[in-house]
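Written below as C-alpha cells is the structure these notes are about.
Protein chains: 2
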Amino acid sequence: MPKQNDSKNVTPSPARRGELLATAAEVFAAQGYNATTVRKIADEAGMLAGSLYYHFDSKESILDEILSTFLDELWQGYDEVLAAGLGPRETIEALVTESFREIDRHRAAVAIYQKESRHLAKQERFAYLVESQQKFEKAWLGTLERGVAAQVFRSDLDIRLTYRFVRDTVWVAASWYRPGGQHSPEEIARQYLSMVLDGIAVRT
Amino acid sequence: MPKQNDSKNVTPSPARRGELLATAAEVFAAQGYNATTVRKIADEAGMLAGSLYYHFDSKESILDEILSTFLDELWQGYDEVLAAGLGPRETIEALVTESFREIDRHRAAVAIYQKESRHLAKQERFAYLVESQQKFEKAWLGTLERGVAAQVFRSDLDIRLTYRFVRDTVWVAASWYRPGGQHSPEEIARQYLSMVLDGIAVRT
DNA sequence: TAACCTACCAAACACTTGTTAGGGAAGGGA
DNA sequence: TCCCTTCCCTAACAAGTGTTTGGTAGGTTA
Chain C
943 MPKQNDSKNV TPSPARRGEL LATAAEVFAA QGYNATTVRK IADEAGMLAG SLYYHFDSKE
1003 SILDEILSTF LDELWQGYDE VLAAGLGPRE TIEALVTESF REIDRHRAAV AIYQKESRHL
1063 AKQERFAYLV ESQQKFEKAW LGTLERGVAA QVFRSDLDIR LTYRFVRDTV WVAASWYRPG
1123 GQHSPEEIAR QYLSMVLDGI AVRT
Chain R
943 MPKQNDSKNV TPSPARRGEL LATAAEVFAA QGYNATTVRK IADEAGMLAG SLYYHFDSKE
1003 SILDEILSTF LDELWQGYDE VLAAGLGPRE TIEALVTESF REIDRHRAAV AIYQKESRHL
1063 AKQERFAYLV ESQQKFEKAW LGTLERGVAA QVFRSDLDIR LTYRFVRDTV WVAASWYRPG
1123 GQHSPEEIAR QYLSMVLDGI AVRT
C-alpha cells in the first residue's frame, strides 16, 4: 500500500525525493512548519512551488514523511538497546548515547518534532506520534523504576519528574546542536550522562 | 511615547486588554503563533476578529506585548537575585527557583518564547529577545564559572555544555508544567536542583 | 434630552496560502 | 525517427489570512 502518488501514473525518483525532504526539513526546523510556505521550500530547492507536487501529495505529507522516517530509525536503535538485556544504569547510558546519535543524524527532524509534535498529535494522520510517545515513556520510565528498585538510582525523587528531566535534557539539545561541531555525539552523551548521573556539584 | 493606538483617538481599558492578552497567549502557546488566526483568538474571547483591532494594532503587537511583559517581570526577579551577592551555588539555586516561579506565573508566555523566540529574534521588532538572551547567558555562565573557580562546581565538564544543560532543563519544564498541579514551583525547583547538583545516581 | 465615549459588529479589502491542470524540454529506448 | 518517461514550468484557482472602514448599542456625563 504505497503512501503517496498512488493515484498518479508517475514515478518520482527516490533519490530526488530524499533531497527535497532534507531541504524541506531544514526549512521547517528553522522557520516552523506553519510559517514555512511551500514556495519557500521550492525556492530553497531551486524550483517552483507547483513542481513539488510532482514528488509529494501535499505539504502535510512532506512533514509526515520527515517525522515517520525519523521515528522509524529512532525505534530501530532504541529497540536494539532495550533488547540487549542491560542493567538499568547501562540501559540509560545506552539510550542517551543512542539519542544523541539520532540527533546527530536527524537534527532537523528532531527540532521539528520538538516544536510541532504536541499539536500535531491531535490529528488522526499523526496518531503515531502519540503511540511513539507512549512507547517512549514506557521504556524510559520503566528503566528508571528498575534502577530505583535495584538501588542504583535515588529513591527520594519523584520518578515522573526524573523521567521528564532526563527526557528533556537529552532532546532539547537538538535546538542548539550542529553536526560537525566541537564535540562528537558520543562525547556530548558522555558529559550529559555524567551530569545527569553524578550532578554538576563537586562531591564533598 | 505610547506603544499602541497612538494614532487613534480611542482609549481601551487596560483591564480588558489584559484579559485579551491572556487568552491570546493561551492560544498562541497551544497552537503556535503562526498557526493561530486572529479569528481564533477573537472566538476564544467571545468577539469578532475585527474587534480585536480596537484594543491592539496588529496580531504581531499582541505577541510583542505578551513576550515583553514576561521578560520584564523575569528580569525584575533575576536582577534582584543577581544583586544579592550570593555565592555561586546559592545564586544558581535562587535563579532556578525564580525561574520556576516565572514558569508558574507566565506558563503560556514561556511556552511561546520557547517555540518562537529563535526565528522571531531575526526581526528588528523583537531585537530585545537577543539582548535578553545575551544577558541571560552572561548571568548563568558567569555564575557557573565563578562556581568552578571556587571549586563548588566540577571543573572537568565543558562549561558551555553545562550552561545549556542547566538552562534547558529548567525552561523546557514549561512544556509540561500546569499550574495547580501536584507540586508547587518551589518543590519542583528543589527536586530539579537536587538532580542537577547531585545527580540521579545513588552515591557509592 | 443631548452629546459623548466605550466596546463591539458587519462587511468588505488586498494579499497569501496550498494546490491543480496543462504543457514542454530533455533524454533514452525501439 | 518516434515515442515515452521524467521532471519541471506557467498560470491559475479557491480558501483563508490580517486588517480597515463605517456603523451602532448601551452606558455615562452635561
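Residue numbers (the working numbering), protein chains in the order written: chain C, 943 to 1146; chain R, 943 to 1146.
Idealized CB from N, CA, C, for every residue including glycine.
Classified as exposed, C/Y996 has fewer than 16 neighbouring CB atoms from the shown chains inside 10 Å of its CB.
Counting the other CB atoms within 10 Å of its CB gives C/V1072 a total below 16, which places it among the exposed residues.
The beta carbons of C/A971 and C/I1004 sit no closer together than 8 Å. The DSSP-derived three-state label of R/A1025 is coil. Along the region 1077-1107 of chain R, the positions whose C-beta sits under 7 Å from a C-beta of chain C are Q1093, V1094, F1095, R1096, L1099, D1100, L1103, T1104, R1106, F1107, read in chain order. For C/L1103, the closest alpha carbon among the candidates R/R1106, R/D1110, R/T1104, R/H1125 is that of R/H1125. Collapsing the DSSP output to three states places C/F1095 in a strand. Excluding its 5 nearest sequence neighbours in each direction, C/Y1119 has C-beta neighbours in its own chain below 7 Å: I1045, R1049, listed in chain order. Residue pairing from DSSP places C/A1143 in a beta bridge opposite R/F1095. For C/W1118, the secondary structure class from DSSP, reduced to helix, strand or coil, is coil.
The DSSP-derived three-state label of C/T979 is coil. Per the C-alpha coordinates, the member of R/I983, R/L1086, R/G1141, R/V1094 positioned closest to C/T1111 is R/G1141. The shortest C-alpha to C-alpha distance from R/A1131 to any of R/V1108, R/T978, R/A977 is the one to R/V1108. Taking 8 Å as the threshold, the shortest C-beta distance from C/I1130 to chain R falls below it. Taking 4 residues as the shortest admissible run, the region 1037-1072 of chain R contains the following complete alpha helix (DSSP H) segments, listed from N- to C-terminal end: 1049-1062. Contact check for C/K1001 against R/K1057 fails: the beta carbons are separated by 8 Å or more. In this structure the region 1078-1095 of chain R lies against the region 1028-1037 of chain R, because at least three pairs of beta carbons, one per stretch, are closer than 8 Å. For C/R1106, the closest alpha carbon among the candidates R/V1114, R/V1038, R/D1014, R/T1011 is that of R/V1114. Cβ contact annotation for C/S1117 (same chain, cutoff 8 Å, sequence separation greater than five): A1053, Q1056, in chain order.
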